[in-house]
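Worksheet: one structure, shown below.
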C-alpha cells in the first residue's frame, strides 16, 4: 500500500437515543444530538472505546431522583459495555457532547439540557473519569463521530430539525422501564 | 429483620444508590469496589447477603459468586446479582455459579428491598 492510499474503511455504527455501543475492533460511532447527551469513553492503552446517547427523563413520570437513576443506568451500561470489549475503567477518559437548547422546555430548576450536562459532570467527577473534552450547550444540534480506537471525536454543528425535536421530546417523557427480577429455585 | 449486606460494584454512585435503598430497611451495608475487596470484606465481616455487579475490573461478578460458594460460610447465604446484563445466557451462568437471584438494572428501590426481604427470610428445613 502506498502512503496515498486510503486505509480500508472502518466500520460505522449509528447510535440513537437510549443506545450504547462499544467496540473492540476500530469503528466510528456516529450520532446526532440535540438536547441529548453523548458520553464517549476511551481506554488509551487497550485502544477500545464506547459511546452512549441519552437524556434524563423529565415530567410527571420522572421524579428528580428517578431521573438521575436512569441517567446513572445509561452511564453504567456504557462503562459495562466498554469493559466487556477489553477496556479497564481505571484508564478510562471521557468526552462529553450535546445538551443544546433545541427542545424549548424549561423547568423550575433550570433548563432540561443544563440538567443533563450537570448530571454528567457530577457523574464523571464522582466516578473519577478524567474529562478530556466537552462541547455542550448552545442552540444547535451536533453531529458527533467518535473513533473507538484512537479516542478522537469530531463534532459538527448542524441546523435543527422538527423531527429531532419531536424524537427528543418523546424520549424525555418516556422514562425507561425498571429491570426484571428473577429468583432461581 | 436488619441484616449485614455486602454490595460489590465498581461504581461508587451505584453502591450509594443500593446503600440508600437498603438502609431504608435498617440494613447494615458494607461496600466493596471489586471482587478482591469483597473477599477481604467477607473475611473481616461475614455478611448475611451479598449483592454483586457482573462487569468489574480484574474479576467479574460471576467468578466472585463461584469463589464465595467455595467457602464454607458463604456456601449457603443468599447472593444476588445486580447488573445491566439482561440476557438469558448470562443469567444461566449466574445460576450455575450459585447465584440466588438476578436483578437487572435500573433497579426499583422498593422492588430491591422486597427481593432482599424474600431471600433473607428463613426457609423451612
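Chains as they are written, first to last, in my numbering: chain A, 294 to 478; chain B, 59 to 183.
Cβ atoms here follow ideal geometry from the backbone N, Cα and C, with glycine treated the same way.
Report the option in the options whose CA atom is closest to the CA atom of residue i.
i	options	result
residue 447 of chain A	A:316, A:467, A:426	A:426
residue 392 of chain A	A:456, A:334, A:437, A:472	A:437
residue 442 of chain A	A:432, A:408, A:333	A:333
residue 174 of chain B	B:91, B:67, B:77	B:77
residue 74 of chain B	A:419, A:473, A:455, A:431	A:419
residue 161 of chain B	B:90, B:119, B:129	B:119
residue 169 of chain B	A:326, A:476, A:327, A:325	A:476
residue 105 of chain B	B:94, B:112, B:85	B:85
residue 408 of chain A	A:458, A:439, A:360, A:473	A:360
residue 140 of chain B	B:112, B:129, B:131	B:112
residue 94 of chain B	B:125, B:166, B:165	B:125
residue 129 of chain B	B:109, B:153, B:101, B:152	B:101
residue 478 of chain A	B:150, B:167, B:165	B:150
residue 196 of chain B	B:167, B:121, B:165, B:166	Examination of residue 196 of chain B is not possible in this model, given that chain B is present from 59 through 183 alone.
Quick one: what's residue i bridged to in DSSP?
i	result
residue 331 of chain A	A:390
residue 323 of chain A	A:307, A:438
residue 316 of chain A	A:342
residue 172 of chain B	Answer is none; residue 172 of chain B lacks a bridge partner.
residue 428 of chain A	A:390
residue 143 of chain B	Partner(s): none; residue 143 of chain B has no beta bridge.
residue 88 of chain B	B:64
residue 17 of chain B	Residue 17 of chain B lies beyond the range of chain B shown here (59 to 183); nothing can be said about it.
Using a Cβ-Cβ cutoff of less than 6 Å, which residues in the same chain neighbour residue i once the five nearest sequence positions on both sides are dropped?
i	result
residue 136 of chain B	107, 158, 177
residue 451 of chain A	434, 436
residue 400 of chain A	Since pLDDT at residue 400 of chain A reaches only 49, below the 50 mark, its modelled position is unreliable, and the value read off the structure follows with that caveat. Excluding sequence neighbours, residue 400 of chain A sits near nothing in its chain.
residue 402 of chain A	With a pLDDT of only 47 at residue 402 of chain A, under the threshold of 50, the placement of this residue in the model should not be trusted; the figure read from the coordinates follows. So no residue of the chain qualifies.
residue 368 of chain A	416
residue 375 of chain A	315, 334, 343
residue 123 of chain B	137, 155, 156, 157
residue 163 of chain B	142
residue 423 of chain A	386
residue 464 of chain A	310, 348
Tell me which same chain residues have a C-beta within less than 7 Å of the C-beta of residue i, skipping the five on either side of it?
i	result
residue 329 of chain A	310, 346, 347, 348, 391, 461
residue 133 of chain B	127
residue 411 of chain A	none
residue 370 of chain A	313, 345
residue 103 of chain B	62, 88
residue 413 of chain A	330, 332, 389
residue 429 of chain A	389, 390, 391, 392, 410
residue 99 of chain B	64, 88, 90
residue 131 of chain B	104
residue 144 of chain B	162
Leaving out five residues on either side along the sequence, give the residues of the same chain with a beta carbon under 8 Å from the beta carbon of residue i.
i	result
residue 306 of chain A	314, 316, 320, 321, 322, 323
residue 92 of chain B	66, 68, 114, 115, 116, 117
residue 70 of chain B	91
residue 171 of chain B	79, 80, 82, 83
residue 304 of chain A	316, 318, 319, 320, 321
residue 180 of chain B	none
residue 261 of chain A	Because residue 261 of chain A is not part of the residues shown, which for chain A are 294 to 478, the question remains open.
residue 146 of chain B	none
residue 457 of chain A	325, 327, 395, 434
Check whether the Cβ of residue i lies closer than 9 Å to any Cβ atom in chain E.
i	result
residue 100 of chain B	Here the protein chains are A and B, and chain E is not one of them.
Verify the contact flag: residue i, CB atom, against every heavy atom of the ligand SAH, threshold strictly below 8 Å.
i	result
residue 337 of chain A	Absence of the ligand SAH from the depicted structure is noted, as is the absence of any ligand whatsoever, leaving it without description.
Original post:
In chain order, what residues of the stretch 75-93 of chain B put their CB closer than 8 Å to some CB of chain A?
Top reply: 75
Touch test, the stretch 372-386 of chain A against the stretch 331-338 of chain A, Cβ-Cβ under 8 Å, three pairs minimum: yes
TODO: Name, going along the chain, the residues of the stretch 141-170 of chain B whose beta-carbon falls closer than 7 Å to a beta-carbon of chain A.
DONE: 142, 144, 149, 153, 157, 158, 159, 160, 161, 162, 163, 164, 165, 166, 169
### Query
When you check each C-beta in the stretch 408-437 of chain A against every C-beta of chain B, which residues fall closer than 7 Å?
416, 419, 420
Which residues, in order along the stretch 125-140 of chain B, keep a beta-carbon less than 8 Å from a beta-carbon of chain A? none
- Query: Taking Cβ-Cβ distances below 7 Å as the criterion, which residues of the stretch 104-117 of chain B are in contact with chain A?
  - Reply: 113, 115
| query | Between the stretch 434-459 of chain A and chain B, which residues of the former have a C-beta closer than 9 Å to a C-beta of the latter? | reply | So nothing in the stretch comes that close.
message: Along the stretch 299-326 of chain A, where does the CB come closer than 8 Å to a CB of chain B? Name the residues.
response: For the stretch 299-326 of chain A, there are no residues whose beta carbon sits under 8 Å from a beta carbon of chain B.
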